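When we follow the numbering used here, the leftmost residue of the sequence shown carries the number 31, and every step to the right adds one. Before any comments, here is the structure.
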Amino acid sequence: MAPKVLVSDKLSETAVQIFRDRGIDVDFMPELGKDKEKLAELIGQYDGLAIRSATKVTPTILEAATNLKVVGRAGIGTDNVDKEAASKKGVIVMNTPFGNMITTAEHAIAMMFAVARQIPEASESTHAGKWEKSKFMGVELTNKTLGVIGAGNIGGIVCDRARGLKMKVIAFDPFLSEEKADKMGVEKVELDDLLARSDFITLHVPLTDGTRNILSKENLAKTKKGVRIVNCARGGLVDEEALAELLKSGHVAGAAFDVFAEEPAKENALFNLPNVVCTPHLGAATTEAQENVALQVAEQMSNYLLTGAVENALNMPSVTAEEAKVMGPWIKLAEHLGAFAGQMTDEPIRAINILYDGVVAEMNLAALNCAAVAGIMKKANPDVNMVSAPVVAKERGIKISTTNQEKSGTFAGYVKVTVVTEKRERSVAGTVFSDGKPRFIQIKGINIDAEIGAHMLYTTNRDEPGIIGALGQTMGANGVNIANFTLGRADAGGEAIALLYVDEPVPAEARAALAETDLFTQIKPLQFDVA
Numbered sequence: 031m032a033p034k035v036l037v038s039d040k041l042s043e044t045a046v047q048i049f050r051d052r053g054i055d056v057d058f059m060p061e062l063g064k065d066k067e068k069l070a071e072l073i074g075q076y077d078g079l080a081i082r083s084a085t086k087v088t089p090t091i092l093e094a095a096t097n098l099k100v101v102g103r104a105g106i107g108t109d110n111v112d113k114e115a116a117s118k119k120g121v122i123v124m125n126t127p128f129g130n131m132i133t134t135a136e137h138a139i140a141m142m143f144a145v146a147r148q149i150p151e152a153s154e155s156t157h158a159g160k161w162e163k164s165k166f167m168g169v170e171l172t173n174k175t176l177g178v179i180g181a182g183n184i185g186g187i188v189c190d191r192a193r194g195l196k197m198k199v200i201a202f203d204p205f206l207s208e209e210k211a212d213k214m215g216v217e218k219v220e221l222d223d224l225l226a227r228s229d230f231i232t233l234h235v236p237l238t239d240g241t242r243n244i245l246s247k248e249n250l251a252k253t254k255k256g257v258r259i260v261n262c263a264r265g266g267l268v269d270e271e272a273l274a275e276l277l278k279s280g281h282v283a284g285a286a287f288d289v290f291a292e293e294p295a296k297e298n299a300l301f302n303l304p305n306v307v308c309t310p311h312l313g314a315a316t317t318e319a320q321e322n323v324a325l326q327v328a329e330q331m332s333n334y335l336l337t338g339a340v341e342n343a344l345n346m347p348s349v350t351a352e353e354a355k356v357m358g359p360w361i362k363l364a365e366h367l368g369a370f371a372g373q374m375t376d377e378p379i380r381a382i383n384i385l386y387d388g389v390v391a392e393m394n395l396a397a398l399n400c401a402a403v404a405g406i407m408k409k410a411n412p413d414v415n416m417v418s419a420p421v422v423a424k425e426r427g428i429k430i431s432t433t434n435q436e437k438s439g440t441f442a443g444y445v446k447v448t449v450v451t452e453k454r455e456r457s458v459a460g461t462v463f464s465d466g467k468p469r470f471i472q473i474k475g476i477n478i479d480a481e482i483g484a485h486m487l488y489t490t491n492r493d494e495p496g497i498i499g500a501l502g503q504t505m506g507a508n509g510v511n512i513a514n515f516t517l518g519r520a521d522a523g524g525e526a527i528a529l530l531y532v533d534e535p536v537p538a539e540a541r542a543a544l545a546e547t548d549l550f551t552q553i554k555p556l557q558f559d560v561a
């Protein structure tokens, strides 16, 4: 059955057609996002939800979304999506951070020009027939110092455009390296230095606990007299009340805001102050940007629903389409290894250690980690997936660690998962053969070569005669067909293991019959999702 997607906000018809062309069943209801009750009523039918800013993806909506796998936001901001609730539900949240970068950066530059030359007020005055030429004395941008808070994708474009305007650009960004700053032609500085030196300050950071109120009352007081402040990033980055007071006192010469702490902004401390330019969150509002983000979200959601490729996800590691092709068998292997360890573990898990060897050590380990942890967590929570598993593990206080190393053995690459409890450690390793099929290659340090099936039986015993006969005879007597059979032992006469790949679950009667032979120290039925 084809995946089903709901578009609950206004997306271009071209974007909707992308879903159709990719073979996805799509319902285009652009007004539905405003009706939360109706959305909750219908959302259970869909695998994907494509939105803009009008749709609010709340815990209530997610609770009703029984089939939902992905939410795609056409745009960069996801304040309207409860990402924590989505992660717990196992729903991927994607955005499109690159479709409106140029548009938003250009708006910031436009706002900087507007506040430098008082263009909106001068326009209004001229429309009124006043011709107040001497009233609107502006300042040049050339040779002025622009302080950029956040030199990422959008901030980097602003830096480039500002340098083209012959401005001196300084940037505060903890993630900006000196080498990258040199390539961008900007000077990396600390925040206090930026505040003291900048003639213009523009913000280009997301709203997080670390950036909220970054231009607080205290920091605004540190700014250079006559500074002009531009915010086209996120409301809440600037203390608007404190800024209004500094505008009234003349310490700040002007401000240009496209975003506000509360939106829609019907009232604000900055409104109706002289030389304050305000626009209603127009940063991404160009024909090109709206089309770009709509097309991009349709492609991303289609790629995930059809191929498993994860692009621009906010709550799990991204996996490109190219990576998905190569990593698919390894992701499945990691999940199988986790499932084995999880089904074999009855005590509370304290830690999960994952070793990557050889070719797999060069892959996207974050995605592989999610798969392994999901496999382990499924025993306790069958609905867990790669998105929700790390959240579940964290809630339970489970420590996850990884090690990667160069090729160290017979195989080109392998993965080893170790689960640590208070009483013991349990390890299982596997690899992917050239045919793309995952295999178990080691259990409890004992080397084996076992194909993985949907239904398996794991046993441990002392290495002594009669084991193969007992297994075969008991399975046959209970109508269980053995598709594959693998034995392994540590040393002659020591501990040995058997792993049977059977056509259907091993019934309790068969397991009881094996236990009655007194040959086995452990008998464990296992199940794996091999679809």
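Glycine included, C-beta positions come from ideal geometry on N, C-alpha and C. Bear in mind the structure is a predicted one, so any value in this text is a computation, not a measurement.
Burial state of residue i (16 or more Cβ within 10 Å)
{"i": "Gln552", "result": "exposed"}
{"i": "Val121", "result": "buried"}
{"i": "Phe574", "result": "Since the first residue shown for the chain is 31 and the last is 561, residue 574 is missing from the structure and cannot be characterised."}
{"i": "Ala433", "result": "A small fix is needed here, since residue 433 is Thr in this sequence, not Ala. With fewer than 16 other Cβ atoms within 10 Å, it is exposed."}
{"i": "Asp51", "result": "exposed"}
{"i": "Glu455", "result": "exposed"}
{"i": "His157", "result": "exposed"}
{"i": "Thr337", "result": "exposed"}
{"i": "Ser418", "result": "buried"}
{"i": "Gly405", "result": "buried"}
{"i": "Pro420", "result": "buried"}
{"i": "Arg258", "result": "buried"}
Own chain, CB closer than 6 Å to residue i, minus 5 neighbours either side, in chain order
{"i": "Asn130", "result": "Ala314, Ala319, Val323"}
{"i": "Lys99", "result": "Asp77"}
{"i": "Phe441", "result": "Thr461"}
{"i": "Ile512", "result": "Met505, Leu530, Val532"}
{"i": "His366", "result": "Pro468, Ile482, Phe558"}
{"i": "Val450", "result": "Arg380, Ala381"}
{"i": "Arg227", "result": "Thr175"}
Bounding residues of the alpha helix (DSSP H) (the contiguous stretch that carries residue i)
{"i": "Ser492", "result": "For clarity, residue 492 is Arg in the given sequence; the question names Ser instead. From DSSP, Arg492 is part of no alpha helix (DSSP H) but of the beta strand (DSSP E) over 485-492."}
{"i": "Ala57", "result": "It is Asp, not Ala, that sits at residue 57 in the sequence shown. First-last for Asp57: 55-58, but that is the beta strand (DSSP E), not the alpha helix (DSSP H)."}
{"i": "Lys118", "result": "113-119"}
{"i": "Val349", "result": "Careful: Val349 lies outside any alpha helix (DSSP H) and carries neither H nor E."}
{"i": "Cys400", "result": "395-407"}
{"i": "Ala17", "result": "Residue 17 lies beyond the stretch modelled for the chain, which goes from 31 to 561, so this question has no answer here."}
{"i": "Gln503", "result": "497-507"}
{"i": "Val260", "result": "No alpha helix (DSSP H) holds Val260; the beta strand (DSSP E) holding it covers 257-261."}
{"i": "Leu92", "result": "89-94"}
{"i": "Glu546", "result": "538-546"}
{"i": "Asn183", "result": "183-194"}
8 Å contact criterion, which residue i and residue j should meet: CB distance rounded
{"i": "Arg380", "j": "Glu452", "result": "6 Å"}
{"i": "Asp387", "j": "Ser464", "result": "No, Asp387 and Ser464 are not in contact; Cβ-Cβ is about 17 Å, not under 8 Å."}
{"i": "Val56", "j": "Val87", "result": "Actually they are not in contact, since the Cβ atoms of Val56 and Val87 sit about 18 Å apart, beyond 8 Å."}
{"i": "Ala274", "j": "Leu300", "result": "6 Å"}
{"i": "Ala286", "j": "Met142", "result": "7 Å"}
{"i": "Arg107", "j": "Ser83", "result": "Rather than Arg, the amino acid found at residue 107 in this sequence is Gly. Gly107 to Ser83, Cβ: 7 Å. Contact."}
{"i": "Phe202", "j": "Leu233", "result": "Between Leu233 and Phe202 the Cβ distance is about 10 Å, and since that is not below 8 Å, they are no contact."}
{"i": "Val289", "j": "Ala144", "result": "With 8 Å as the limit, Val289 and Ala144 do not qualify as a contact, their Cβ atoms being about 15 Å apart."}
{"i": "Ile13", "j": "Ile149", "result": "With the chain represented from 31 up to 561, any question about residue 13 goes unanswered, as that position is not in the structure."}
{"i": "Ala339", "j": "Ala351", "result": "4 Å"}
Range of the contiguous beta strand (DSSP E) that encloses residue i
{"i": "Ala285", "result": "282-287"}
{"i": "Arg426", "result": "From DSSP, Arg426 is part of no beta strand (DSSP E); its letter is neither H nor E."}
{"i": "Lys40", "result": "It is not in any beta strand (DSSP E) - Lys40 carries neither H nor E in the DSSP assignment."}
{"i": "Met31", "result": "Segment: none, Met31 is in no beta strand (DSSP E) and carries neither H nor E."}
Residues bridged to residue i (per DSSP)
{"i": "Leu530", "result": "Leu487, Phe515"}
{"i": "Asn61", "result": "The sequence given here places Glu at residue 61; Asn does not occur at that position. None, per the DSSP bridge assignment."}
{"i": "Leu245", "result": "Val268"}
{"i": "Glu217", "result": "Ile200"}
{"i": "Gly177", "result": "Ile200, Ile231"}
{"i": "Pro555", "result": "Leu487"}
{"i": "Pro468", "result": "Val462"}
{"i": "Val445", "result": "Tyr386, Gly460"}
{"i": "Asn333", "result": "The partner list for Asn333 (beta bridge, DSSP) is empty, contrary to what the question assumes."}
{"i": "Ala450", "result": "It should be pointed out that residue 450 corresponds to Val in this sequence rather than to Ala. Bridge partners of Val450: Ala381, Glu455."}
{"i": "Glu525", "result": "Arg492"}
{"i": "Arg103", "result": "Ile81"}
{"i": "Asn302", "result": "Its beta-bridge partners do not exist; DSSP assigns none."}
{"i": "Thr433", "result": "Leu385"}
Residue-chain proximity (residue i, chain B), Cβ-Cβ < 7 Å
{"i": "Lys247", "result": "Absent here is chain B; the protein component of the structure consists of one chain."}
Same chain only: Cβ atoms within 8 Å of residue i, ignoring 5 sequence neighbours per side
{"i": "Lys113", "result": "Val123, Leu344, Asn345"}
Spatial neighbours of residue i in its chain, beta-carbon cut-off 7 Å, leaving aside the 5 residues before and after
{"i": "Lys196", "result": "Thr172, Asn173"}
{"i": "Phe608", "result": "This structure gives no information on residue 608, because the portion of the chain shown stretches from 31 to 561."}
{"i": "Arg193", "result": "Val199, Gly215"}
{"i": "Asp269", "result": "Asn243, Leu245, Ser246, Lys247, Leu250"}
Cβ-heavy atom distance, residue i to the ligand ATP, below 6 Å
{"i": "Leu487", "result": "Looking for the ligand ATP in the displayed structure turns up nothing, as the structure carries no ligands at all."}
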